[in-house]
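To keep things clear, I will list the structure first and then write my remarks on it.
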Amino acid sequence: MLTTDKELEAITETLARDGYAVIPNFINKATCAALAAEGRQQIDAGMLKMAGVGQGSEHSLRDEIRSDHILWLDDSNAAPLQKQYLNLLETYRQEVNRQLFLGIFEFEGHLALYPPGSFYKRHLDRFRDDDRRTVTAILYLNEEWKEEDGGQLRFYPNGESVDEYIDVLPEAGTLVTFLSHDYWHEVLPGSRERMSITGWFKRR
Ligand code: OGA
Ligand code: MN
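Numbered by this note's numbering, the letters in the sequence shown go through residues 294 to 497 in order.
Here it is as structure tokens:
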């Protein structure tokens, strides 16, 4: 997938130093177009479900909080390039463990589709009753995303403070990765369909 170990090492160094990293062109455009085509087939096949919030007995559909549709990816349903991308994340996981000693063993990830107008309100990637999610990795698959299309990831780099934020366009190939417990973030409503592959590395 054309991302070298050296690049993963540098990204992980940034994660270790800053707690987050935003990497444009992490995956090249041609590969992203092919990943988007795989996602499109799964969408058209009706494989995605309305996403919920919370976990276990606390899980519920709350479309005032989030309104995206998702497909959890695993070996049984991931398409070929999606599997390659998951393999690349496995290499990233090993590098993160090597540099940050986080002891992350598991991965869970999903394809996400935000139809026009959908959003995900400000949140942390941690459930109230389960703090195993440790590192988040989001890859966007949308070509030629413009500022006026909306749909930015609004990322708050200073804890609870809302005064400072970084807006990331969900442009094809951009990877955002951060320590899941430490950063509030949200998805602003957009006027275009927005596709991504989002995953979490988990402690046991
Ligand atoms: C999430 C999330 C952000 C994005 O799925 O938890 O915050 O930019 N996604 O898609
Ligand atoms: Mn999130």
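For glycine and all other residues, C-beta sits at the position ideal for the given N, C-alpha and C.
As the structure is a computational prediction, the values presented were derived from the model and not from experiment.
Residue selection by CB proximity (closer than 6 Å to any heavy atom of ligand 2) returns 416, 418 and 478 in chain order. For residue 433, the uninterrupted beta strand (DSSP E) segment begins and ends at 426-433. In the three-state reduction of the DSSP assignment, residue 336 falls in the helix class, which pools H, G and I. Residue range 298-311 is occupied by the alpha helix (DSSP H) that includes residue 301. Taking a 10 Å sphere around the C-beta of residue 403, we find 16 or more other C-beta atoms and assign the residue as buried.
CA-to-CA, the gap between residue 349 and residue 298 works out to about 36 Å. The Cβ atoms of residue 364 and residue 341 sit closer than 7 Å to each other.
When secondary structure is reduced to three states using DSSP, residue 405 falls in the strand class. If only uninterrupted alpha helix (DSSP H) runs of at least 4 residues are considered, those enclosed by the stretch 324-398 are 373-393. For residue 435, the closest of 464, 410 and 426 by C-alpha to C-alpha distance is 464.
The criterion of a C-beta distance shorter than 7 Å is satisfied by residue 496 and residue 397.
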